[in-house]
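To keep things clear, I will list the structure first and then write my remarks on it.
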Amino acid sequence: MKKEKVVIINMRVEGEKKEKKEKLKRQAKVLGGIVVDSVKAQLSTEGTYTTAAGIGLIQGFKYGGSLKRGVKAGAVVVGVLVGINVVGNVVEKWDYIKNA
Numbered sequence: 002m003k004k005e006k007v008v009i010i011n012m013r014v015e016g017e018k019k020e021k022k023e024k025l026k027r028q029a030k031v032l033g034g035i036v037v038d039s040v041k042a043q044l045s046t047e048g049t050y051t052t053a054a055g056i057g058l059i060q061g062f063k064y065g066g067s068l069k070r071g072v073k074a075g076a077v078v079v080g081v082l083v084g085i086n087v088v089g090n091v092v093e094k095w096d097y098i099k100n101a
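The sequence shown finishes on residue 101 if you use the numbering used here, and the numbering steps up by one all the way, no holes.
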């Protein structure tokens, strides 16, 4: 009698673990989709590149006409803007991610 109860409890625990694992996979897939969509949306706006170019030019002229520093500054600005957009979208859609 005791062994049957233990087996049933173990099967229930294994089922719950499998359920949690599947839910985590679904949430990761939804989160990945949101991140990809956010990056694509941010990179498709001309404002991102205009801001990056402007700041890159300012940085380049600021340090004696260094093109290398200007390009680096522009690339960093693009990365920061994309990161801010991703974080904003994840926070905005957090309930959707949790319920996936």
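Think of the CB as a built atom: it goes at the ideal place given N, C-alpha and C, for glycine as much as any other residue.
Values in this document were obtained by computation on a predicted structure and should not be read as measured data.
Sub-7 Å separation of residue i and residue j beta-carbons
i, j, result
"alanine 101", "glutamine 28", "yes"
"threonine 51", "glutamine 43", "no"
"isoleucine 98", "valine 40", "no"
Pairwise C-alpha distance: residue j and residue i
i, j, result
"lysine 18", "leucine 25", "11 Å"
"glutamine 60", "glycine 71", "5 Å"
"isoleucine 85", "glutamate 15", "39 Å"
"aspartate 96", "valine 81", "25 Å"
"glutamate 20", "valine 83", "33 Å"
"glutamate 23", "serine 45", "33 Å"
"valine 92", "aspartate 38", "14 Å"
"isoleucine 56", "glycine 33", "30 Å"
"glutamate 47", "arginine 13", "54 Å"
Own chain partners of residue i with C-beta closer than 6 Å, once the 5 adjacent residues on each side are dropped
i, result
"alanine 53", "Gly75, Val78 and Val79"
"valine 36", "Val87"
"lysine 94", "Ile35"
"asparagine 90", "Ile35 and Ser39"
Close beta carbons around residue i, own chain, < 8 Å, minus the five adjacent residues each side
i, result
"tyrosine 64", "Arg70"
"leucine 68", "Gly61"
Neighbourhood of residue i by C-beta distance below 7 Å, restricted to the same chain and skipping five residues each side
i, result
"leucine 58", "Gly71"
Check your understanding: What alpha helix (DSSP H) runs, 4 residues minimum, are completely inside the segment 17-82?
Key -> Whole alpha helix (DSSP H) segments, 4+ residues: 47-63.
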